[in-house]
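Protein chains in written order, with the working numbering: chain D, 28 to 414; chain S, 28 to 332.
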Amino acid sequence: MPPPALASRLPAIGCVALATVYGVAFLAAESQAAVGALLALAAAAIALAARAGLLETVRASIGANPATFDVAAVTGVLAAAAWLHHQHFAILMMTTAMLLAVAALGLTVQFGFAGVVNFAGAAFLGIGCYTAAIVTKYTALPALLTLPLGGLAAALIGSILILPVLRTRGHYAALVTIAFGILFKTFLEVNDALGGPQGMQVKPIVLLGWNLSKPIHLGTFTVSFYFSYLLLALALLALCFVLVRRLERSWIGLSLDAIRLDEVASACYGLDIARWKVLAFTLGNVLAGCAGAVYGHVLGFIAPNNFTFADSLVLVSIVLLGGIGNVWGATVAAAFVVILPEKLQIIQEYRFALYAALVILILLFRPQGLLPRPLRAYLPGWTPKSP
Amino acid sequence: MDIALLGQYLVNGLMLGLMYALVAVGFTLFFGVLDVIKFSHGDVLTVGAFTGFATWLAIKATIAIPWLQLAIVAVAAMLGMAVLGALIARFLILPLRAAPALNTLLITLMLGTVLRESVRLFFPDGSNPKPFPSLLPTTPFTYGLFTVRLDSVILFVAGLAMIAAVHLIINRSKLGLAIRAVAQDAETARTMGINFTFVILVTFAIGSALAAFAGVMNGLYYNEINFGMGLLLGVFGFSAAVVGGLGNIYGAILGGFLFAALQTIGAAALPFASAYKDVFALAVIIVLMTWRPTGLIAEKTSERV
Chain D
28 MPPPALASRL PAIGCVALAT VYGVAFLAAE SQAAVGALLA LAAAAIALAA
78 RAGLLETVRA SIGANPATFD VAAVTGVLAA AAWLHHQHFA ILMMTTAMLL
128 AVAALGLTVQ FGFAGVVNFA GAAFLGIGCY TAAIVTKYTA LPALLTLPLG
178 GLAAALIGSI LILPVLRTRG HYAALVTIAF GILFKTFLEV NDALGGPQGM
228 QVKPIVLLGW NLSKPIHLGT FTVSFYFSYL LLALALLALC FVLVRRLERS
278 WIGLSLDAIR LDEVASACYG LDIARWKVLA FTLGNVLAGC AGAVYGHVLG
328 FIAPNNFTFA DSLVLVSIVL LGGIGNVWGA TVAAAFVVIL PEKLQIIQEY
378 RFALYAALVI LILLFRPQGL LPRPLRAYLP GWTPKSP
Chain S
28 MDIALLGQYL VNGLMLGLMY ALVAVGFTLF FGVLDVIKFS HGDVLTVGAF
78 TGFATWLAIK ATIAIPWLQL AIVAVAAMLG MAVLGALIAR FLILPLRAAP
128 ALNTLLITLM LGTVLRESVR LFFPDGSNPK PFPSLLPTTP FTYGLFTVRL
178 DSVILFVAGL AMIAAVHLII NRSKLGLAIR AVAQDAETAR TMGINFTFVI
228 LVTFAIGSAL AAFAGVMNGL YYNEINFGMG LLLGVFGFSA AVVGGLGNIY
278 GAILGGFLFA ALQTIGAAAL PFASAYKDVF ALAVIIVLMT WRPTGLIAEK
328 TSERV
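Written out as structure tokens, the structure is:
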């Protein structure tokens, strides 16, 4: 197949460019009125684009040139970060959004691909955070090792839940993970070795004498002290994103989809249900744990109250808002869910209730999510006919 | 351990067991008629307790007799939650009957969050615990070293009476016959002229009123209510219902007391005792679910979706 012409890539690139400009404007907006106006502008623009059929053009363009779109998206994030390089809060929000996106990708693997429910997402994020805190406090290991160690710890602690999750289904599996999520937070609160309700300090990552939590000075040019973490989070997100999408497109993803849709039929066709469920559950926890380790370093101080049941439900909301199983949807929804309440302070206090209500509305009126997962394209360039 | 402490544990355990049983009966009723789990049940309990508290605040100046106050508080909480339960069933659970079971699970979980957060945000100073008034006589009875307060006895008897009343409604009344018919086979029940929607709504109203009763009872016993109280009670109540076998009222009652006994014994026997009592109870849930995913008394079907 000949490489697609530049013209077919333009809508995808244009979409990313617009999103970048909008994101910078939104993050830099100071007054509540400006934030509100920008939100109204976005809603109007999307409605207009949908009427003019532009959304379909963009979707087709992205579908035909996924690699171009990915490169454009990473470039967009870098450009936005470079523009806002001195604004600590904006950089922190972008970093947090990307880390939560990694955790949401983990949930997407569990929930969207394999159909394994996990209502303890925040607990696995917390395991990563606390691993980072413990490793930096009690050992002399290089701090960057906390990343894989956080993932490993999440996988190990998650393996306690493998047997319960395999033996139960639906509501019962939900109960097990809910119980685990509450157990984790309660345990942290009463355990003095882990700081109790006051929490623990997480030391910054120091890499070859370079402290990632210090601002970067290049002559007179100063960059926010969160900037290094932003780069780290972006790298982690890109890596996980590629991994999850490769997984989705591979025969493993096909097996997971089959198991989610019909366990009995998959078993009849020789799929090892237990094996694939364990794989999806563990991989999801590893992603959440890795994201948690970085998140711990970014926050610098962690407490049990960062990992409540409500936070787990926010992670689930991200997956549902984005459209269950849609990798890009989860990433975009994570940005939305993290940044919106920070900028629109009027809803900051109400965010848990607001997201829960949003999910209820989506389940009632648009169960496939805001950005539904596209049908599987078995061959490159093959577009499925809509039924 | 001395006898007095043992007696205190016993009373505590029995009260907890009754509260769990009340919540578990609700779960079991909902599962019986519609095969759904309403995860917002614990938060309905919270809203019920706060409704009772608000009612008390409103009437305490005009009505001076504690008995009458209590009656009004209990009736207001139960009626309010009955209406709320029926509304939830009508607008959130029935429309999703055709959707995957997972969607019902998610929608009720999210509804629970909305209720919990609404209490926290919209009740005046809702994020702090509220002192619930003690409206019952607290005369202590002493038998040797063993002391029981009168209010505990009254609460316990009232709770048992409540469960007995539900039992009578289900097994002896025409409405109960309709509920049982729907639980057994909704299609056939409909062809026999039973108003399916009405039966579902009434069942949800009864279950939710029971939760409101448990909420008021919790407030009276501990003299404190807070916006998060329903989350743990809901999880424990659901576990009790599962342990006893979903869809089985006797199982739910048994499960409630069994679970409370486990929790009380755990709190009394473990060396680091009370601090870890919730951790212990939650761990017990996970272990029990692994060991017997269908509960100790098998559920009517083995479908686990």
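All residues carry an ideal CB built from backbone N, CA and C; glycine is no exception.
With a threshold of 16 other CB atoms inside 10 Å of the CB of Ile-313(S), please say whether the residue is buried or exposed. The residue you call residue 313(S) lines up with position 286 of the second sequence. Buried, by the Cβ-count rule.
Are any of the Cβ atoms in chain D nearer than 7 Å to that of Asp-305(S)? Numbered from its first residue, the second sequence carries residue 305(S) at position 278. So, interface residue.
Under 7 Å by beta carbon: chain B residues contacting Ile-64(S): In summary, chain B is missing from the structure at hand, where the protein chains are D and S.
Backbone secondary structure at Met-121(D) - three-state DSSP: If you number the first sequence from 1, residue 121(D) lands on position 94. Helix, per DSSP.
List the residues of chain S that Glu-83(D) touches, going by C-beta distances under 8 Å, in chain order. The count along the first sequence starts at 1 and reaches residue 83(D) at position 56. Within 8 Å Cβ-Cβ: nothing; Glu-83(D) doesn't reach chain S, min ~27 Å.
C-beta contact flag for Met-27(D) and Ala-260(D) at 7 Å: Residue 27(D) is absent from the structure shown; chain D starts at 28 and stops at 414.
Give me the chain S residues within the contact set of Tyr-377(D), using Cβ-Cβ distance strictly less than 8 Å, ordered along the chain. Stepping through the first sequence from its first residue, residue 377(D) is reached at position 350. Under the 8 Å cutoff, chain S gives Glu-144, Leu-148.
Bridge-paired residues (DSSP) for Tyr-296(D): Working through the first sequence from its first residue, we reach residue 296(D) at position 269. Tyr-296(D) is not bridged to any residue.
Who does Gln-96(S) pair with in a DSSP beta bridge? To locate residue 96(S), count along the second sequence from 1; it is residue 69. Its beta-bridge partners do not exist; DSSP assigns none.
If you drop the 5 nearest sequence neighbours on each side, which residues of the same chain put their C-beta closer than 7 Å to that of Thr-335(D)? Reading the first sequence from its first residue, position 308 is the one you call residue 335(D). These residues qualify, in order along the chain: Ala-149, Lys-212.
Residue-level contact to chain D via CB, Phe-265(S), 7 Å cutoff: Residue numbering aside, residue 265(S) sits at position 238 when the second sequence is read from its first letter. Cβ-Cβ to chain D under 7 Å: yes for Phe-265(S).
Closer than 7 Å at the beta carbon, the chain D residues around Met-316(S): As a working mapping, residue 316(S) is identified with position 289 in the second sequence. The contacting residues are Pro-191, Thr-195, Tyr-199, Leu-202, Val-203.
Under 7 Å (Cβ pairs) to chain D, residues found in the segment 64-86 of chain S: Ile-64
Give a yes or no on contact between the segment 93-111 of chain S and the segment 259-266 of chain S, applying the rule of three or more CB pairs nearer than 8 Å. no
So, for Pro-401(D): in the same chain, excluding its five sequence neighbours on each side, which residues have a beta-carbon less than 6 Å away from its beta-carbon? The residue labelled residue 401(D) in the question sits at position 374 within the first sequence. Nothing listed; no residue qualifies.
To the nearest whole angstrom, what separates the beta carbons of Val-243(S) and Val-100(S), a pair I think is in contact under 8 Å? Counting from 1 along the second sequence, the entry for residue 243(S) is found at position 216. Counting from 1 along the second sequence, the entry for residue 100(S) is found at position 73. With a Cβ gap of about 6 Å, Val-243(S) and Val-100(S) count as contacting.
Identify the continuous alpha helix (DSSP H) that holds Arg-194(D) and give its terminal residues. Here residue 194(D) refers to the residue found at position 167 when the first sequence is read from its first residue. Here the alpha helix (DSSP H) through Arg-194(D) covers 189-194.
Extract the residue ranges of the beta strand (DSSP E) inside the segment 124-201 of chain S, only unbroken runs of 3 or more that lie entirely within it. 167-170, 173-176
Let me know if Asn-198(S) comes out buried or exposed under the rule of 16 or more other beta-carbons within 10 Å of its beta-carbon. Numbered from 1 along the second sequence, position 171 holds the residue referred to as residue 198(S). Classification of Asn-198(S): exposed, given that the 10 Å Cβ count is below 16.
Could you tell me whether any non-hydrogen atom of the ligand PLP is closer than 6 Å to the CB of Val-52(S)? Judged by which ligands are present, the structure shown has none, so any question about the ligand PLP falls away.
Nearest chain D C-beta to Met-46(S) closer than 7 Å, yes or no? To locate residue 46(S), count along the second sequence from 1; it is residue 19. Answer no: the Cβ-Cβ gap between Met-46(S) and chain D never drops below 7 Å.
What does DSSP give as the partner residues of Met-227(D) in its beta bridges? Along the first sequence, one-based indexing puts residue 227(D) at 200. According to DSSP, which records beta bridges pairwise, Met-227(D) is partnered with Ile-329(D).
Check whether the Cβ atoms of Arg-287(D) and Gly-80(D) sit closer than 7 Å, and answer yes or no. Residue numbering aside, residue 287(D) sits at position 260 when the first sequence is read from its first letter. Residue numbering aside, residue 80(D) sits at position 53 when the first sequence is read from its first letter. Not a contact, by the Cβ cut-off of 7 Å.
Considering Gly-208(D), what are the terminal residues of the alpha helix (DSSP H) in which it resides? Taking the first residue of the first sequence as 1, we reach residue 208(D) at position 181. 197-217 is the span of the alpha helix (DSSP H), which, as asked, contains Gly-208(D).
If contact means a Cβ-Cβ distance below 8 Å, which residues of the segment 321-345 of chain D contact chain S? Phe-336, Ala-337, Leu-340, Val-343, Ser-344
Find the residues of chain S that neighbour Thr-390(D), judging by a C-beta separation of less than 8 Å, and give them in chain order. In the first sequence, the residue the question calls residue 390(D) occupies position 363. The sequence given here has Leu at residue 390(D), not Thr. Result: Leu-123, Ala-126, Asn-130, Leu-133, Ile-134, Met-137.
Burial state of Gly-79(S) (16 or more Cβ within 10 Å): In the second sequence, residue 79(S) corresponds to position 52, counting from 1. Buried, by the Cβ-count rule.
Let me check one thing: in DSSP terms, what residues is Ile-252(S) bridge-paired to? One-based indexing of the second sequence puts residue 252(S) at position 225. Ile-252(S) pairs with Lys-157(S).
Give the interface partners of Pro-394(D) over in chain S, defined as CB-CB distance under 7 Å, in chain order. Start at 1 with the first residue of the first sequence, and residue 394(D) comes out as number 367. By Cβ distance, chain S contributes Ala-126, Asn-130.
Own chain residues within Cβ distance below 6 Å of Gly-255(S), not counting five before or after: The count along the second sequence starts at 1 and reaches residue 255(S) at position 228. Here the set comprises nothing.
If you compare alpha carbons, which of Phe-284(S), Pro-320(S), Ala-236(S) is closest to Ala-48(S)? Here residue 48(S) corresponds to residue number 21 of the second sequence, with the count starting at 1. Closest option to Ala-48(S), Cα to Cα, is Phe-284(S).
Listing by chain order, which chain D residues have their CB less than 7 Å from the CB of Pro-320(S)? On the second sequence, residue 320(S) is found 293 positions in, with the first residue counted as 1. In chain order: Arg-194, Thr-195, Tyr-199.
Whole-number beta carbon distance between Thr-195(D) and Pro-320(S), since they are thought to touch under 8 Å: As a working mapping, residue 320(S) is identified with position 293 in the second sequence. As a working mapping, residue 195(D) is identified with position 168 in the first sequence. Their Cβ separation, rounded to whole angstroms, is 5 Å, which keeps Pro-320(S) and Thr-195(D) in contact under 8 Å.
Chain D partners of Ala-302(S), CB-CB under 7 Å? For the purposes of this step, residue 302(S) is taken as the residue at position 275 of the second sequence. Going along chain D in sequence order, the residues near Ala-302(S) (Cβ under 7 Å) are Val-217.
So, is the C-beta of Val-141(S) closer than 7 Å to a C-beta in chain D? Along the second sequence, read from residue 1 onward, the residue named residue 141(S) stands at position 114. Closer than 7 Å to some Cβ of chain D, the Cβ of Val-141(S) qualifies, so yes.
How many Å lie between Leu-33(S) and Val-184(S) at the Cα? Numbered from 1 along the second sequence, position 6 holds the residue referred to as residue 33(S). Numbered from 1 along the second sequence, position 157 holds the residue referred to as residue 184(S). Computed Cα separation, rounded: 21 Å.
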